[in-house]
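Asker:
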Amino acid sequence: MTGIEPLAVAAAGLMGIGLYGFCLCRHAVRRLLSINLFGNGVFLALILIARRLPDGPDPVPHAMVLTGIVIAVSATAFGLALVRRQARTRGDDET
Amino acid sequence: MRPDVLPVMLVFLPFLAGLLQFIAGRPAPRLGNVLVGVNLLLVLALIPGVADEGAIVANLGGWSEPLAIHLLADGLALLMLLLTALLAVAVSLYAMAAWRDQHHDALRFWTLWPLLLGSLNALFLSRDLFNIYVTLELVTLAAIPLVLLAGPGKTVDAALRYLLFALLGSLIYLAGVALLYAQAGTLDLALLADALPDSTLAGSLGASLIIVGILIKAAILPFHVWLPAAHGGAPAAVSAILSALVVKAAAYLLLRLWSGPLDPLVTPAAGQLLGALGALAILFGSWQAFRQERLKLVVAYSTVAQLGYMLLFFPMAVTAAWQGAVYHGLAHGLAKGALFLAAGNILLYLGHDRLREMRGIDRPLAVSLLAFGLAGVSIMGLPPSGGFTAKWLLLTASVETGQWWWTITLLLGGLLAAAYVFRVLRLAFLQPPENVPDRPGMVPPPLMAWSATVLAVLAIVLGVVSAPLLELLGSPVGGSE
Amino acid sequence: MTTFLACGLILAGVGFYLAGTVGLLRFPDVYSRLHALTKADNTGLGLLALGVALLAGSPRLALLIALVWLVAIIAASVACHLIAGYALQVGECGDEDDR
Amino acid sequence: MTLLVLDAAAFMLLLLLGLGLIRVIAGPAGADRILAVQLSGTTTVGLLLLLAVRLEEPALIHAALLFVLFAALLALAFVRRAPPRGGDR
Amino acid sequence: MTALDSLLALLLLLLAARCVSARSLLQAIVAFIVLGLLLALSWVRLEAPDLALAEAAIGAGLLGVLLLGTWRSLPLGHGNERIPLPWQGLRPALITTGCTVLAVLLTVALHQHPEQAAMSGLAALDQLDAAGVDQPVTAVLLNFRAYDTLLEMGVLLMALIGTLMLDSPLPRDTELPARTMLPATLAQLFLPLILLIGLYLVWAGAYSPGGAFQGGAVLAGAGVLLILTGFGEGDGRDGWVLRALLAGGALVFTLAGLLLIPVTGAFMAYPQGLVTPIMVLIEFSLALSIALSLLLLYTGTPGLRRRGER
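Residue numbers (this note's numbering), protein chains in the order written: chain A, 1080 to 1174; chain D, 53 to 533; chain E, 7 to 105; chain X, 6 to 94; chain C, 318 to 627.
#1: Can you list, in chain order, the residues of the segment 1123–1134 of chain A whose Cβ is nearer than 8 Å to any Cβ on chain D?
#2: Name the chain A residues that come within less than 7 Å of C/P453, Cβ to Cβ?
#3: I want to see whether chain A comes within less than 9 Å of D/L71, judged by CB atoms only; does it?
#4: Chain A partners of D/F182, CB-CB under 7 Å?
#5: Exposed or buried, what is A/E1084 when buried is set at 16 or more other beta-carbons lying within 10 Å of its beta-carbon?
#6: Within the continuous beta strand (DSSP E) that includes C/R622, where are the two ends?
#7: What residue from D/G205, D/G515, D/S260 and D/P100 has the CA that sits closest to D/I431's CA?
#8: Taking the alpha carbon of D/F365 as the point to measure from, which residue in D/G337, D/W165, D/L407 and D/T453 has its own alpha carbon closest?
#9: Cβ of C/E600 within 9 Å of Cβ of A/T1146?
#10: I'd like the span of the beta strand (DSSP E) that includes D/I108, first residue to last.
#11: At least one CB of chain A closer than 9 Å to the CB of D/I224: is that the case?
#12: With burial defined as no fewer than 16 other Cβ atoms inside 10 Å of the residue's Cβ, what is the status of C/D446: buried or exposed?
#13: Please tell me whether C/I400 has its Cβ less than 9 Å away from any Cβ of chain X.
#14: Please classify D/L482: does DSSP put it in a helix, a strand, or coil?
#15: Residues of chain A with a CB under 8 Å from the CB of D/E452: which are they?
#16: Which residue wins for smallest C-alpha separation from C/A357, given the options C/A326, C/R335, C/L343 and C/T502?
#17: Under 7 Å Cβ-Cβ, which residues of chain C neighbour A/I1148?
#18: Could you please tell me which residues of the segment 59–70 of chain X, in chain order, have their CB closer than 9 Å to any CB of chain C?
#19: Using a C-beta cutoff of 9 Å, does C/L503 count as contacting chain E?
#20: Since I believe X/L55 is in contact with X/A14 (beta carbons under 8 Å), could you give me their beta-carbon distance rounded to a whole number of angstroms?
#21: Report the neighbours of D/V208 on chain A: residues whose CB is nearer than 8 Å to its CB, in chain order.
#22: Assign C/E432 to one of three DSSP states: helix, strand, or coil.
#23: Could you please tell me which residues of the segment 187–208 of chain D, in chain order, have their CB closer than 7 Å to any CB of chain A?
#24: Under a Cβ-count criterion, where at least 16 other Cβ atoms within 10 Å of its own Cβ denotes burial, should D/T319 be classed as buried or exposed?
#25: Do we get a CB-CB distance below 9 Å when we pair C/G528 with the residues of chain X?
#26: Quick check on A/I1083 - is its C-beta less than 9 Å from some C-beta in chain F?
#27: If you reduce the DSSP assignment to three classes, tell me which class D/D126 lands in.
#28: Could you tell me whether the segment 569–589 of chain C touches the segment 477–485 of chain C, using the rule of 3 or more Cβ pairs below 8 Å?
#29: A/A1151 to D/G465, Cα distance in whole Å?
#30: Please tell me whether E/L61 has its Cβ less than 9 Å away from any Cβ of chain X.
#31: Tell me the rounded alpha-carbon separation between D/G89 and D/L462.
#32: Taking DSSP as the reference, what is the three-state secondary structure of C/G551?
#33: Give the straight-line distance between the Cα atoms of A/G1120 and A/L1093, rounded to the nearest whole angstrom.
#34: Are the C-beta of X/D37 and some C-beta of chain E separated by less than 9 Å?
#35: Could you work out which residue in C/H430, C/L513, C/G522 and C/P431 is closest to C/A456 when comparing CA atoms only?
#36: Below 8 Å on the Cβ atoms is my guess for C/G376 versus A/I1148; work out the distance and round it to an integer in Å.
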């Protein structure tokens, strides 16, 4: 181990920024984006962890990331549909 | 038949039923009801095996130890499965009557509900950190569409907020899992405790992230903001499932992980902190429940409060506290299911659930109010109910460990619970005013009234049959004593 | 010799990328900036792809790399056309959602 | 020497990508942003080709192909105009 | 390469900060998409090309298209907000401090390496021969930890059911800026290519980077291309064949798990001789389910049809 691994800093930073955005943003799409930033940080961390095996990357964290991406995207897509519905309901109320 | 087929069936059969229902495209309530019946039988069939051997383990895929995913049915998991199975039967009967005429909603309910049942079973049986993450997401994404069944226009705000918090919670949990995997090199709960090196920063941080993630999912006090609207806004059958099982599942995970793999990493101070959060949840939730003007919100805030009791295990960590916390989970599950179903009946009859306009419903809704009252007995913790047994065990533990402050919390919580339950009952039994307003709703069919009552009676009976159940549960794996 | 040529091609490619980026930053309006995307960058990509294909050493991979370049220039030209149309319609100063 | 050239070229490309991001952030128009995104897509493709040789991972060429295709998709999605607001929704 | 890593890390953090702080929602979305591209690039750097494929196709590509579409369907100016800066008030200051502390702790934790190597990973590489595929990640997903993948397909299906319940598809009648034939030509040129790549990725997943997820995502991308260029659109009706295909990924796992119990005596274990054909079957049904689910998550409708058809 020599010094600081820059991408580990990036992973931690993505998680921190994502959490910050989740706490301070009010609009739901922005909160979804922040959650995805946090998730991307977690995935990056998992990929870094996978490199600790001597011969070739560890497939278990890689599989976890792949599963995580699919789950995150499907949940986000559902969230975006909720946002569209919410905007429609509010629009109807105003008119 | 090999005993380890049973846990596998508990996961796969509900999934199969849900998928077939999805493909069929026509609601088949009978399929759903057969499923919950079979589910109950499977859980009952598990009991002798677990009682004899302590636990049944199923290996999925037949791979060797650190790699394979295992299902574990021990005393703790079995009790939660039993609670789920009992509630599933009552809720399914209720739902069959509730969605009789609505083709579309019925189809969605009977698709999502078996999938949710399978997911809950999978969560209770899981013995793998990452698998728990997937099951948590599965439970959430089955639960939120169910909330929407009350009408997307009305519940979309609550559903969105629920989704945002649930997503954040599970990703925080996953971050913790990543750190623990980096330290231990395995995801298996049984191997994790030994594989974790002592007191590294990564280990402690990972454990903290896991706990915080689960606390968000369990709606423990600072993170409770999403719960009341979602649980109060959902259809009655769904509220019952959410309050009695879905948040309970997250609280269960906390017990399971704390007493197992996280045991070497947790400190007494962290236990006191969690206990304090629990105490705050009890007092704040009960107070809010007392102040609400709508019946379903009273019941929803009561869930915020009641979840706090399960956290009182962590500061005391003795066998009595363990048994008390788990038993509280069971008693609250049954009682809260009954409360929400009864509240749903009242809502159906009145067309609204505003407390102040509830007077005079005692005659048409006698059975539902009976259910509400009986369940209330358990919520308040009066003998001989399951709630009483749970609180008694927790009181014993607080005396045993000399932590008197939890005794005060327990007593105050009981008083506040009595206050909000009696407030509802008093308003319901008040004489109707001279000019009775039009009642737009209908008297709920007997099936809907009695399924609530059966759950309430079970919550009382729980207090009488505690000895064998507690023996099944045993003591915490890594706890002191 | 081949390696030498390949390195030269790659560096030349990077040079075109550099020109493209400078253009993107310095040109005065959207339409002239579009040139940066379509012309400089795709030439850069082409030279770079040629260099990489020389280094890859197998005809199959070289073919695949050529395909990448071909698809990239088709995509870039269509994208350029669409973006120009968009800029014409929406206006070239300020954002759609700011007005 | 080849490795050095590859590394230096990759670093330069990434640096240019970073500079191009100024247009993503500064705009001023939506067209500028999506243009800069396209440019970063092209640069990424170049980078992937370089890394495919550098890391001896031919599968990255498939990744490069995918990047091109999805970048075109994004441009297409960006330039679509919504129907007049308050229409027939 | 450290210089490259540092630059990548810097750009990632800049884009993340931009994504959170941009006033315009559109700009935040654009920053998020570029961040996805760079993230994929850094995963390539970290010897995870298959994950880079997935991130490029699903995380940046499909999600980006969906985000842009959702942004279009919101009223103008919806979601534009300026979040308070750390020094503007007590709450932002506290949150900033908390998040910074968390990031620092995480950085330190990610640098702590234990002595023992990853047991599960080693075991996975050890038993690769018995798994029926040569690619370790595919082996973990479809065999060693197939149970997780089954549950994941459940998540995808339920997200889709939830989306359909909301009945709020992306607006359909959007038009392109210039009335031109180019996009249609583009679709005709690219479609066969995308389909080819998608199928290749599914097939190649057994022995090289790729697999059902990446392939499925690329096939979904082909569908999105058809919709964006006006050849197809979402439909309010569905049929049982479509539903069967959507549920197929989860169903084939469930059935394989249940029906093989008497044959192999274990759960979700595949008999030695049949393991490769079963893997291929599972992989293709998974890819099809994923492609259709992602496509319908994009349109927000229960079915699909050709443009103009009734």
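All C-beta atoms in this analysis are idealised placements derived from N, C-alpha and C, irrespective of residue type, glycine included.
Answerer: Well, looking at it:
#1: A1124, L1125, I1128 and R1131
#2: The residue labelled residue 453 of chain C in the question sits at position 136 within the fifth sequence. In chain order: P1138.
#3: Here residue 71 of chain D corresponds to residue number 19 of the second sequence, with the count starting at 1. Chain A contact via Cβ: absent.
#4: What you label residue 182 of chain D is simply residue 130 of the second sequence in a count that begins at 1. Correct list: M1143.
#5: By 1-based counting over the first sequence, the position of residue 1084 of chain A is 5. It counts as buried.
#6: Here the question's residue 622 of chain C lines up with position 305 in the fifth sequence. Its beta strand (DSSP E) spans residues G620 to R623.
#7: Numbered from its first residue, the second sequence carries residue 431 of chain D at position 379. Of the listed residues, the one whose Cα sits closest to D/I431 is D/G515.
#8: Counting from one through the second sequence, the residue named residue 365 of chain D turns up at place 313. Of the listed residues, the one whose Cα sits closest to D/F365 is D/T453.
#9: Stepping through the fifth sequence from its first residue, residue 600 of chain C is reached at position 283. Stepping through the first sequence from its first residue, residue 1146 of chain A is reached at position 67. No, Cβ-Cβ distance for C/E600 and A/T1146 is not below 9 Å.
#10: As a position in the second sequence, residue 108 of chain D is number 56, starting the count at 1. Looking at the DSSP string, the run of the beta strand (DSSP E) that includes D/I108 is A107 to L112.
#11: Walking along the second sequence from the start, residue 224 of chain D turns up at place 172. It does; some Cβ of chain A falls within 9 Å.
#12: As a working mapping, residue 446 of chain C is identified with position 129 in the fifth sequence. Looking at its Cβ environment, which holds fewer than 16 other Cβ atoms inside 10 Å, C/D446 is exposed.
#13: Here residue 400 of chain C corresponds to residue number 83 of the fifth sequence, with the count starting at 1. For C/I400, the answer is no, since every Cβ of chain X falls outside 9 Å of its Cβ.
#14: Start at 1 with the first residue of the second sequence, and residue 482 of chain D comes out as number 430. D/L482 falls in the coil class under three-state DSSP.
#15: The residue you call residue 452 of chain D lines up with position 400 of the second sequence. What D/E452 touches in chain A: nothing, since even the nearest Cβ is about 39 Å away.
#16: What you label residue 357 of chain C is simply residue 40 of the fifth sequence in a count that begins at 1. Considering only alpha carbons, the answer is C/A326.
#17: Position 69 of the first sequence, counting from 1, holds the residue named residue 1148 of chain A. Those are A371, E372, I375 and G376, listed as they occur along chain C.
#18: Against chain C - using a Cβ distance shorter than 9 Å - the residues of the segment 59–70 of chain X are R59, L60, E62, P63, A64, L65, H67, A68 and L70.
#19: As a working note, residue 503 of chain C is residue 186 in the fifth sequence. Chain E, which has a Cβ nearer than 9 Å to the Cβ of C/L503, makes this yes.
#20: The residue you call residue 14 of chain X lines up with position 9 of the fourth sequence. The residue you call residue 55 of chain X lines up with position 50 of the fourth sequence. Sure, about 6 Å apart at Cβ, within 8 Å.
#21: If you number the second sequence from 1, residue 208 of chain D lands on position 156. Ordered by position in chain A, the residues that pass the 8 Å Cβ test against D/V208 are L1161, R1164, Q1165 and T1168.
#22: To locate residue 432 of chain C, count along the fifth sequence from 1; it is residue 115. Coil at C/E432, not helix or strand.
#23: If you check each beta-carbon in the segment 187–208 of chain D against every beta-carbon of chain A, the ones closer than 7 Å belong to E189, L193, P204, G205 and V208.
#24: Numbered from its first residue, the second sequence carries residue 319 of chain D at position 267. Exposed, since its Cβ has fewer than 16 Cβ neighbours within 10 Å.
#25: Start at 1 with the first residue of the fifth sequence, and residue 528 of chain C comes out as number 211. Not closer than 9 Å to any Cβ of chain X, the Cβ of C/G528 fails to qualify, so no.
#26: Absent from the structure: chain F. Protein chains present are A, D, E, X and C.
#27: As a first step, residue 126 of chain D must be located in the second sequence, where it is residue number 74. Strand at D/D126.
#28: no
#29: Within the first sequence, residue 1151 of chain A is the residue found at index 72, counting from 1. Within the second sequence, residue 465 of chain D is the residue found at index 413, counting from 1. So the alpha carbons of these two residues sit roughly 39 Å apart.
#30: Locating residue 61 of chain E in the third sequence gives position 55, where the first residue counts as 1. Output row for E/L61: interface = yes.
#31: Sequence index remark: in the second sequence, residue 89 of chain D carries index 37 (1-based). Sequence index remark: in the second sequence, residue 462 of chain D carries index 410 (1-based). Using only the alpha carbons, I get a separation of about 36 Å.
#32: Taking the fifth sequence and counting its residues from 1, the one referred to as residue 551 of chain C is at position 234. Of the three classes helix, strand and coil, the one that applies to C/G551 here is strand, per DSSP.
#33: Taking the first residue of the first sequence as position 1, residue 1120 of chain A is located at position 41. Taking the first residue of the first sequence as position 1, residue 1093 of chain A is located at position 14. In a straight line, the C-alpha of A/G1120 is about 5 Å away from that of A/L1093.
#34: Taking the first residue of the fourth sequence as 1, we reach residue 37 of chain X at position 32. Yes, X/D37 lies at the interface with chain E (some Cβ there is under 9 Å from its Cβ).
#35: In the fifth sequence, residue 456 of chain C corresponds to position 139, counting from 1. C/G522 is the residue among C/H430, C/L513, C/G522 and C/P431 whose C-alpha sits nearest the C-alpha of C/A456.
#36: Taking the fifth sequence and counting its residues from 1, the one referred to as residue 376 of chain C is at position 59. Taking the first sequence and counting its residues from 1, the one referred to as residue 1148 of chain A is at position 69. Indeed, because the Cβ distance is near 6 Å, the residues count as touching under 8 Å.
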